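S.K.:
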Amino acid sequence: MTKRVVLIGHPVAHSLSGAMQQAAFDARGIDARYELWDRAPIDFPDAITDVRGDDFLGANVTIPHKERVVPLIDRLTEEAQVTGAVNTLTREGRRLVGHNTDVPGFAVALDKLVGRAKMPRQAVVLGAGGGSRAVVYGLIRAGFLRIVVFNRHLHRAESLVKHFARSAAHMELRAMPWHESIIESELAKTRVLVNATSIGLAADVSPIPAAILGPELLVLDLIYKRTRLLRDAEAAGCTASDGEAMLLHQGAAAFTLWTGLAAPLDVMGDALASARAGGVRSAEGEPAGNETGNETGDEPAAATAG
Ligand code: NDP
24 MTKRVVLIGH PVAHSLSGAM QQAAFDARGI DARYELWDRA PIDFPDAITD
74 VRGDDFLGAN VTIPHKERVV PLIDRLTEEA QVTGAVNTLT REGRRLVGHN
124 TDVPGFAVAL DKLVGRAKMP RQAVVLGAGG GSRAVVYGLI RAGFLRIVVF
174 NRHLHRAESL VKHFARSAAH MELRAMPWHE SIIESELAKT RVLVNATSIG
224 LAADVSPIPA AILGPELLVL DLIYKRTRLL RDAEAAGCTA SDGEAMLLHQ
274 GAAAFTLWTG LAAPLDVMGD ALASARAGGV RSAEGEPAGN ETGNETGDEP
324 AAATAG
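Going by our numbering, the sequence shown opens with residue 24, and the numbers climb by one from there.
Here is the structure:
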């Protein structure tokens, strides 16, 4: 029987994960099909029930469901528990286990960004969604001592900070309101800037003005393309990377969880590159509506799926 793995998000039509994971299954001779399921929040619990069936190896969960899935499943790994966000599901019989492979994916991306330099200790993170939680946890684990999180809706950044109270007890983790002058003054004190918002995904805009980027900054945009932020950062003399390494390595970790096999990284990387060249452009589904003023970030105004 052909096994199934699904990516559940809303929307998901532009996701790159399908190309990457299908290529990996085919390369390892695994009879499995990777499917994209566009499920609005109201239909999400039924999708989770379906994934408990015997024909499923597991699933990926993406925008906007990474936090919503937590109460619907049976067990969380440590990384999923600490972040409060899940991007990968595996089955134990009818029980579902939630993992967060964005955490190891981000660790690889951070190491590549920093290169041979000494790991910095201060970071500014833009965004407080599911991706941001993996970023903040990764930064804490990498030894950062001051992390400031800015988010459009401050309360979401505040709940993130509260969520990490225990893991961040030894360091300074703060939520701050999204004002350009405050972001500018924090950037002047920091070495690492991570964009974990979806600003720049659907439109060619940057979350912050180019003028506040200093040449000392190491800039990582989780979005898997050369965003306006990354172009501005390069023009300012910063070191800049997109979300490719994180996407590839979170996918590789998920593949291993579903199959027990080492992931064919080269094959997956090539599949990502071709999907990108073919016009598939979102790492994580395309959050239509979020960039045009959707207030909750939960319900994309008009899904671009299909
Ligand atoms: P969520 O929907 O959980 O969070 C979206 C974030 O973007 C929130 O902080 C939201 O702010 C912010 N945002 C969206 N639109 C605006 C806007 N117009 N102005 C200000 N803030 C805005 O998504 P994720 O955290 O899962 O993903 C965020 C981004 O990271 C996506 O682009 C995704 O593709 C990418 N990503 C990439 C990964 C990779 O492997 N490379 C892994 C994970 C994510 P608010 O809370 O105020 O709505």
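Even for Gly, the Cβ is constructed at its ideal location relative to N, Cα and C.
Keep in mind it's a predicted model, so treat the numbers as computed, not measured.
1. Is Met269 helix, strand or coil when you go by DSSP?
2. Please specify which runs of the beta strand (DSSP E), each continuous and at least 3 residues long, are wholly inside the region 193 to 266, giving them in chain order.
3. Kindly indicate the opening and closing residues of the beta strand (DSSP E) around Thr113.
4. Thr6 to Phe129, Cα distance in whole Å?
5. Considering Glu102, what are the terminal residues of the alpha helix (DSSP H) in which it resides?
6. Under the DSSP definition of a beta bridge, which residues are partnered with Leu288?
7. Roughly how many angstroms lie between the CA atoms of Asp73 and Trp281, to the nearest whole one?
8. Return yes when at least one heavy atom of the ligand NDP lies under 7 Å from the C-beta of Ala124, else no.
9. From the DSSP output, which residues share a beta bridge with His178?
10. Under three-state DSSP, which class holds Leu168?
11. Going by C-alpha to C-alpha distance, which of Ala82, Arg164, Asp255 and Lys185 sits closest to Pro232?
12. Exposed or buried, what is Ile205 when buried is set at 16 or more other beta-carbons lying within 10 Å of its beta-carbon?
13. Pop quiz: Gly153 and Lys89 are said to be a contact at Cβ under 8 Å. What is the actual Cβ separation, rounded to whole angstroms?
14. Considering only the alpha carbon of each residue, which of Pro64, Pro230 and Ala103 lies closest to Val148?
15. For Leu30, which option in Ala47, Leu210 and Gly81 has the closest C-alpha, if you only look at C-alpha atoms?
16. Can you give me the Cβ contacts of Thr315 inside the same chain, cut-off strictly under 6 Å, excluding the 5 residues immediately before and after it?
17. Relative to the alpha-carbon of Ala50, which residue among Ala286, Arg299, Ala296 and Leu295 has its alpha-carbon at the smallest distance?
18. Please find out if some non-hydrogen atom of the ligand NDP comes closer than 7 Å to the beta-carbon of Arg251.
19. For Arg197, is the beta carbon positioned less than 7 Å from some heavy atom of the ligand NDP?
20. From the DSSP output, in three-state form, read off Lys141 for me.
21. Is Met194 near the ligand PLP, judged by its Cβ being under 7 Å from some heavy atom?
22. Any idea if Asp265 is buried or exposed, counting beta-carbon neighbours within 10 angstroms, 16 or more meaning buried?
23. On a Cα-Cα basis, can you pick out the residue from Thr250, His33, Ser155 and Leu39 that is closest to Arg291?
24. Exposed or buried, Ile65, counting other C-beta atoms within 10 Å across all chains shown (16 or more means buried)?
25. May I have the straight-line CA-CA distance separating Ala277 from Leu270, to the nearest angstrom?
26. Is Asn174 closer than 8 Å to Ala151 when the C-beta atoms are compared?
27. In chain order, what residues of the same chain have a beta carbon less than 6 Å from the beta carbon of Gly308, not counting five sequence neighbours either side?
28. In whole angstroms, what separates the C-alpha of Phe187 from that of Met24?
29. Verify the contact flag: Lys141, CB atom, against every heavy atom of the ligand NDP, threshold strictly below 7 Å.
30. Using the Cβ count rule (16 or more neighbours within 10 Å means buried), how would you classify Asp202?
31. Taking its Cβ as the centre, do 16 or more other Cβ atoms sit within 10 Å of Arg117, making it buried, or is it exposed?
M.R.: On the basis of the data shown:
1. helix
2. Counting only runs of 3 or more, we get 195 to 200, 215 to 218, 241 to 244 and 262 to 264.
3. Thr111 to Glu115
4. Any answer about residue 6 is impossible in this case: the structure gives the chain only from 24 up to 329.
5. Glu101 to Thr106 is the extent of the alpha helix (DSSP H) around Glu102.
6. BP columns for Leu288 are empty, so no partner.
7. 17 Å
8. For the sequence presented, residue 124 should be read as Thr rather than Ala. Thr124 Cβ: outside cutoff for every heavy atom of the ligand NDP.
9. In the DSSP secondary-structure assignment, His178 is not bridged to any residue.
10. Correct three-state label for Leu168: coil.
11. Considering only alpha carbons, the answer is Asp255.
12. By the neighbour-count rule (16 or more Cβ atoms within 10 Å), Ile205 is not buried but exposed.
13. 3 Å
14. Pro230
15. Gly81
16. Note that Thr315 scores a pLDDT of 33, beneath 50, so its modelled location is shaky; the value from the coordinates is reported in the next line. Once the five neighbours on either side are set aside, Thr315 has no close Cβ partner at all.
17. Ala286
18. no
19. no
20. coil
21. Of the ligands one can find in the structure shown, namely the ligand NDP, none is the ligand PLP.
22. buried
23. As written in the sequence, residue 291 is Met, which differs from the Arg given in the question. Of the listed residues, the one whose Cα sits closest to Met291 is Leu39.
24. Exposed, since its Cβ has fewer than 16 Cβ neighbours within 10 Å.
25. 11 Å
26. yes
27. Interpretation of Gly308 is limited by its pLDDT of 46, a score under 50 that renders its predicted location unreliable; the figure taken from the coordinates is listed afterwards. Excluding residues within five positions, the ones whose Cβ falls inside 6 Å are Gly32, Pro34, Val35, Ser38, Thr85 and Ile86.
28. Computed Cα separation, rounded: 42 Å.
29. no
30. One point to set straight first is that residue 202 is His, not Asp, in the sequence displayed. Looking at its Cβ environment, which holds fewer than 16 other Cβ atoms inside 10 Å, His202 is exposed.
31. exposed
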